[in-house]
DNA sequence: CGATTAAAATGACTCGCAGTCATAAAGTGA
DNA sequence: TCACTTTATGACTGCGAGTCATTTTAATCG
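Residue numbers (our numbering), protein chains in the order written: chain S, 1 to 223; chain H, 224 to 446.
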């Protein structure tokens with residue numbers, strides 16, 4: 001009796017069709033200008049149906065956030081499988097994040113929006129937001145693991161608390177990627193345009209700075 | 224003939240009355256739930272009048288952002304007058320930013336919203352947003368100055384490009400303050416709650432990390 | 001196969017708000 | 001007091017999020 005399963009599958013399929021449509025519309029006109037009507041049209045469904053799958057427009061946008069964070073975490077997970085030193089792994093994770101932002105600025109925008117909503121009651125009731133939180137936890141755990149590997153193989157200073165340090169790295173890297181994101185097409189951020197700073201160089205500076213801070217004595221590259 | 228001046232003054236006064244009212248309403252219910260009608264009531268003016276002073280609800284919120292950034296910059300400016308080493312100044316600026324966020328989370332929320340709007344056309348036409356950009360430039364220039372002071376007095380490694388480094392510091396500090404902000408009342412950020420990390424300690428770690436990265440050789444505090 | 005019931009989809013409708021604009025009031029100057 | 005300009009008003013419009021009574025589709029059973 002595979003009927004239940006088939007129904008389940010069809011439900012997931014519809015869910016994905018809707019999120020696909022939402023991405024098309026929201027990525028092209030922005031969350032504020034996008035309307036549920038248009039997303040419904042794009043998905044070839046009625047507006048009402050959208051509300052059978054998502055509690056609100058915001059939750060639908062959260063589903064997009066979830067997709068982005070899934071993708072990012074998959075990349076992180078893959079990198080952790082590689083055979084690198086802990087310090088290299090930490091750098092690698094940072095670089096993957098940056099690449100992701102450059103490659104998928106629309107998902108990053110969704111991340112930003114999700115964060116700016118973090119004090120809205122509505123979020124807490126949403127399963128989808130719950131999964132986003134789970135992904136955040138996982139991402140952080142990847143960094144912690146990389147740090148622990150580094151402490152074992154001697155590339156990272158073992159006097160740090162890996163959990164605290166992971167949070168510091170996560171947060172500060174997020175800041176750098178935000179700036180990189182805003183350097184992109186169509187953002188109003190004058191100073192960034194005027195100082196003709198290359199964001200690649202910016203990120204390299206950042207990594208060098210951090211590396212020298214977290215590396216164990218013998219692995220610091222001092223001039 | 225002080226009539227023109229008086230009119231000017233009255234205009235500014237009304238502007239401030241409106242922004243005061245907007246703060247009351249928006250800070251208490253959030254930008255999405257706040258209505259222009261209610262802000263008008265709070266300001267004891269009609270809704271139409273609000274639109275004589277602000278192009279849109281978003282621009283009104285931008286005016287709040289401007290107030291916040293003015294306040295922050297004033298604090299920065301004051302600190303730069305103090306007699307500190309460059310390295311200490313850089314740390315001081317970071318700490319001032321953090322204190323500001325803790326003291327005025329609502330302004331910081333406005334900052335976040337302003338950033339998440341940076342790709343909306345509308346912003347570019349707004350004088351008020353222009354002043355926000357000017358403030359960003361000024362804030363960055365404070366950091367650059369602190370770095371230059373440090374390079375002169377020998378507390379900061381002079382091999383860095385101060386402008387690039389300033390941007391790195393600005394961006395990464397922003398990331399840390401964001402996390403600190405989200406640790407506060409009513410934010411949905413599970414990992415942060417579960418790991419019972421103190422944000423004060425987090426910031427200290429961050430500062431220590433950076434300091435060891437940017438300090439000149441003789442000013443590093445190695446164990 | 002109908003017939004019966006359950007589940008999913010629909011789109012017309014409500015409601016609330018951002019933003020407008022014709023009208024009114026207040027201020028200015030002669 | 002009148003003519004004219006500037007500022008304020010709130011009724012009004014348009015639009016879009018979210019709802020829900022109704023219809024359509026699909027599963028279940030005799």
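The beta carbon of each residue, even a glycine, is placed where N, CA and C say it ideally should be.
Just so it is clear, the structure is predicted and the values come from calculations on it, not from any experiment.
Simplified DSSP assignment, three categories, for residue i
i	result
residue 39 of chain S	helix
residue 34 of chain S	coil
residue 222 of chain S	Its pLDDT being 45, under 50, residue 222 of chain S is placed unreliably by the model, and the measurement read from it follows with that caveat. Residue state, collapsed to three classes: coil.
residue 372 of chain H	helix
residue 379 of chain H	strand
residue 27 of chain S	helix
residue 323 of chain H	helix
residue 204 of chain S	helix
residue 188 of chain S	coil
residue 307 of chain H	coil
residue 45 of chain S	coil
residue 340 of chain H	coil
residue 279 of chain H	coil
residue 420 of chain H	coil
residue 106 of chain S	helix
residue 94 of chain S	helix
residue 141 of chain S	helix
residue 395 of chain H	helix
residue 126 of chain S	coil
residue 161 of chain S	coil
residue 2 of chain S	coil
Under 8 Å by beta carbon: chain H residues contacting residue i
i	result
residue 189 of chain S	341, 356, 359
residue 113 of chain S	339
residue 186 of chain S	342
residue 178 of chain S	338, 394, 397, 398
Chain H residues whose Cβ lies nearer than 9 Å to that of residue i
i	result
residue 210 of chain S	395, 432, 433, 436
residue 107 of chain S	Those within 9 Å of residue 107 of chain S in chain H number zero; the least Cβ separation is about 14 Å.
Euclidean distance between Cα positions of residue i and residue j
i	j	result
residue 101 of chain S	residue 81 of chain S	22 Å
residue 446 of chain H	residue 157 of chain S	Note that residue 446 of chain H has pLDDT 37, beneath the 50 cutoff, so the model's placement of it is unreliable and the number below is only indicative. Their backbone Cα atoms lie some 11 Å apart in a straight line.
residue 210 of chain S	residue 107 of chain S	26 Å
residue 31 of chain S	residue 61 of chain S	8 Å
residue 14 of chain S	residue 22 of chain S	12 Å
residue 339 of chain H	residue 294 of chain H	21 Å
residue 6 of chain S	residue 327 of chain H	52 Å
residue 213 of chain S	residue 438 of chain H	10 Å
residue 461 of chain H	residue 227 of chain H	No answer is possible for residue 461 of chain H: it lies beyond the span of chain H, which begins at 224 and ends at 446.
residue 63 of chain S	residue 342 of chain H	21 Å
residue 279 of chain H	residue 266 of chain H	16 Å
residue 259 of chain H	residue 250 of chain H	14 Å
residue 319 of chain H	residue 354 of chain H	21 Å
residue 59 of chain S	residue 300 of chain H	42 Å
residue 359 of chain H	residue 399 of chain H	18 Å
residue 405 of chain H	residue 168 of chain S	14 Å
residue 10 of chain S	residue 409 of chain H	37 Å
residue 193 of chain S	residue 352 of chain H	16 Å
residue 133 of chain S	residue 122 of chain S	14 Å
residue 336 of chain H	residue 153 of chain S	42 Å
residue 17 of chain S	residue 110 of chain S	18 Å
residue 322 of chain H	residue 298 of chain H	10 Å
residue 401 of chain H	residue 261 of chain H	29 Å
residue 93 of chain S	residue 269 of chain H	53 Å
residue 142 of chain S	residue 361 of chain H	37 Å
residue 161 of chain S	residue 423 of chain H	15 Å
residue 348 of chain H	residue 386 of chain H	28 Å
residue 29 of chain S	residue 180 of chain S	21 Å
residue 8 of chain S	residue 165 of chain S	42 Å
residue 257 of chain H	residue 219 of chain S	53 Å
residue 274 of chain H	residue 413 of chain H	40 Å
residue 418 of chain H	residue 235 of chain H	47 Å
Which residues DSSP lists as bridging residue i, in chain order
i	result
residue 438 of chain H	H:379
Under 8 Å from the C-beta of residue i: neighbouring residues of chain S
i	result
residue 424 of chain H	164
Within chain H, partners of residue i - CB distance below 7 Å
i	result
residue 140 of chain S	414
The ligand MG heavy atom lying under 7 Å from the CB of residue i
i	result
residue 384 of chain H	Annotation note on the ligand MG: not contained in the displayed structure, which lists no ligands.
Under 9 Å from the C-beta of residue i: neighbouring residues of chain S
i	result
residue 346 of chain H	188
Does the count of Cβ pairs from the region 418–430 of chain H and the region 158–173 of chain S closer than 8 Å reach three?
-> Because the criterion of three Cβ pairs below 8 Å is met, the region 418–430 of chain H and the region 158–173 of chain S touch.
Taking 8 Å as the threshold, find out whether the region 82–99 of chain S comes into contact with the region 140–153 of chain S through three or more Cβ pairs.
-> Enough Cβ pairs lie closer than 8 Å, so yes.
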